[in-house]
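Residue numbers (my numbering): 23 to 171.
The beta-carbon is built from N, C-alpha and C at its ideal position, and this holds for glycine as well.
First comes the structure, then the notes that go with it.
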């Protein structure tokens, strides 16, 4: 009975854990998500050249810059020379948020645009079809792994 008690005392969680492995640091921290919002890093500069066109287009789409007070764990990583003192900027990227419903509507809009363009290409292609030499219009892709031929 004493042997069982001794082995159980020696067996603990620290000995059973796997050894931790080194991982590269994330380039951008993951923000604490608020329900009903989607987050995105928006480019505001490239190679120290400001990109106001990209930022203004994202703001017009409904994205708004996240304030430092909303994400306290990211505060330590912020560039002190940032143009956006009250917001979170890291490496030329500004953390923004938008209502999740806007992001869903945006995705639906671009999916519809893609479908309309695909149908237009298909219609144009099939207009050139000749029954004597039919064209095949297969929309199928394959992914393969491993060694090639």
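Residue i to residue j span [Cα, whole Å]
| i | j | result |
| --- | --- | --- |
| residue 145 | residue 68 | 40 angstroms |
| residue 70 | residue 122 | 31 angstroms |
| residue 92 | residue 55 | 10 angstroms |
| residue 104 | residue 45 | 28 angstroms |
| residue 136 | residue 42 | 44 angstroms |
| residue 148 | residue 141 | 10 angstroms |
Buried/exposed call for residue i, threshold 16 Cβ in 10 Å
| i | result |
| --- | --- |
| residue 109 | buried |
| residue 143 | exposed |
| residue 77 | buried |
| residue 83 | exposed |
| residue 165 | exposed |
Residues bridged to residue i (per DSSP)
| i | result |
| --- | --- |
| residue 9 | In the structure as shown, the chain begins at 23 and stops at 171. Residue 9 is therefore absent and cannot be evaluated. |
| residue 96 | The partner list for residue 96 (beta bridge, DSSP) is empty, contrary to what the question assumes. |
| residue 72 | 67 |
| residue 112 | 115 |
| residue 87 | 118 |
Boundaries of the alpha helix (DSSP H) in which residue i is found, first to last residue
| i | result |
| --- | --- |
| residue 53 | Note, residue 53: premise wrong, no alpha helix (DSSP H); not H, not E. |
Segment contact, 8 angstroms Cβ cut-off, at least three pairs: the stretch 85–98 with the stretch 107–122: yes
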